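The structure appears below as structure tokens.
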Amino acid sequence: MDKILLKKAFPQWVKKLQAYRLIAPTKDGNIWIYEAVTTPEDIDLEFLTTALSPKKIIFPQREVYFEFEKGDNDNPEIKETLPEDDPTIVFGVRPCDAKAVTLTDMVFGGDFEDVYYWKRRNQTYLVGLACNTPPNPNCFCLSVDGSPHSKDGLDILLTDLGDKYYVKSFTKNGDKLLNLAKNLFKQPSAANKKELQKIQTESEKKIIRQINNLKKVPPKLKDMWDSPFWDEEAMSCLRCGICTYMCPTCHCFDINDEVHSSAPLKGQRIRTWDTCQFPDFTMHSSGHNPRPDKASRLRQRIMHKFKYFVEKHKNYQCTGCGRCVTKCPVSIDIIEVLEKVRDYGS
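So, in structure tokens, the structure goes:
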């Protein structure tokens, strides 16, 4: 479904969506973050890129699995804590972040479906915003089979045409959101469609950073396990984990029991984000650590995204958002690392 929505009518559309929890990019100091909003005026789509992707909305940084308590006769009482019914619309999702959701779907779906993840996923609608101009100077979505106007993972995509949005709905959920205010949406003219095509073509030309022949990387990685390359590339790493916590596709987690009271015993089992870049991530109870140094952990990060995930899911586990490049305090650049892997031994 293709429609045109005047920007001055956007608040009226949002008012028709008040039955949903609304989330949109909001400014917090010098950064943009996704937060719940209550009025149309709180939604500002004139932003560049958010510090974190909307991953946290579907896969929270901290969530309770269940509560436990020692009851009568020392029998444990367990109460499962599933996500609440809370239909949610997320506005301003960049195409790279929406595609990242589809990759995380592969992880938490498949042979075993994570009920906590899918309870949120199935009630979350994504309204995207096309990137007429790259929101991050380190964007490289074209290199990983994405684009500034990709529809992957989105229910609706808005493209800024100046005083209006070109609106494309890709799913039944998207159609439902538009039909709640159908009188506000108009049919696009031939001129509107021509302008959309021009913007899409020009937006791809504006993405400067690209990795040529990335398809050479997965097979090249097979022979680099014991290479000194990883020691050299990881030399400056601080083990801070920014690259993974900022990443829209990283999904490593830890599970811990938090005891709130010992008499009587009471607590919660909790899942929290974790990162393969921390030394303790692979620490065994025996004291052995199969990834004891920075080099082996950098190797794991690259291998996972550009070898293991490709072999299992036929996709790169990276959408080219560029956050890890921009935010790394010691300027480790995944684009440069991949280019070196591609050319290794040549």
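931 is the number of the first residue of the sequence shown in my numbering; add one for each residue after it.
Glycine included, each C-beta is placed from N, C-alpha and C at the ideal position.
In this text the structure is predicted, and so the values were computed from the model without any measurement.
Extent of the continuous beta strand (DSSP E) run through residue i
i	result
I1172	Unbroken run through I1172 is the alpha helix (DSSP H), I1172 to Y1175; no beta strand (DSSP E).
N1186	F1183 to S1192
V1097	K1094 to S1099
Y1047	Not the beta strand (DSSP E): Y1047 falls in the alpha helix (DSSP H), residues V1045 to R1051.
A1164	It is not in any beta strand (DSSP E) - A1164 carries neither H nor E in the DSSP assignment.
I953	R951 to D958
I963	I961 to V967
Burial state of residue i, where buried means 16 or more other Cβ atoms lie within 10 Å
i	result
M1165	exposed
V1031	buried
M931	exposed
D1082	buried
K1106	exposed
T1205	buried
H1243	exposed
H1079	buried
V1045	exposed
P1064	buried
G1217	exposed
Cβ shell of residue i (< 7 Å), same chain only, five flanking positions each side left out
i	result
F989	T1034, Y1047 and H1181
P1006	F998 and K1000
V1267	E1163 and I1232
T1101	D1085
V1037	H1181
K1257	I1172 and M1176
I1265	F1070, R1139, I1141 and V1255
C1061	R1024, P1025, P1078 and S1133
Integer Cβ distance of residue i from residue j, believed to fall under 8 Å
i	j	result
K1152	R1272	That belief does not hold up - the Cβ atoms of K1152 and R1272 are roughly 13 Å apart, past 8 Å.
S983	D1041	Contact doesn't hold; Cβ gap of about 26 Å is too wide.
Y1055	I1008	Y1055 to I1008, Cβ: 33 Å. No contact.
G1022	L975	5 Å
L1072	E1134	6 Å
L1110	Q942	That belief does not hold up - the Cβ atoms of L1110 and Q942 are roughly 11 Å apart, past 8 Å.
N-terminal and C-terminal residue of the alpha helix (DSSP H) that residue i is part of
i	result
I1129	A1120 to K1135
P1065	It is not in any alpha helix (DSSP H) - P1065 carries neither H nor E in the DSSP assignment.
W943	F940 to K945
L935	Not the alpha helix (DSSP H): L935 falls in the beta strand (DSSP E), residues D932 to L936.
H1218	It is not in any alpha helix (DSSP H) - H1218 carries neither H nor E in the DSSP assignment.
V1240	F1239 to H1243
S1226	K1224 to M1233
Residues bridged to residue i (per DSSP)
i	result
K1278	Only positions 931 to 1276 of the chain appear in this structure, which leaves residue 1278 out of reach.
F1021	V1057
W1155	DSSP, once it has assigned bridges, lists no residue as partnering W1155.
Q1198	E997 and E1188
L1087	G1058 and K1098
I1008	F998
K1116	I934
R1253	None; R1253 has no bridge partner.
R992	T1202
Close-in-space but distant-in-sequence residues of the same chain around residue i (CB under 8 Å, 5 per side omitted)
i	result
V1186	Residue identity differs from the one stated: residue 1186 is Asn in this sequence, not Val. These residues qualify, in order along the chain: R1199, I1200 and T1202.
Y1274	K1150, M1154, S1157 and F1159
D1015	Q1053
W962	P955, T956, F977, L978, T979, T980 and A981
N1245	L1033, M1036, D1075 and F1239
Residues near residue i in its chain [Cβ-Cβ closer than 6 Å; skip 5 each side]
i	result
P1017	Y950 and Q1053
N1219	T1212 and M1213
L952	V967 and I1019
S1099	M931, I1086, D1105 and L1108
R1253	M1176
beta-carbon residue i near the ligand COA non-hydrogen atom, thresh 7 Å
i	result
A1193	By its list of ligands, the structure shown contains no ligand whatsoever, and the ligand COA lies outside what it can speak to.
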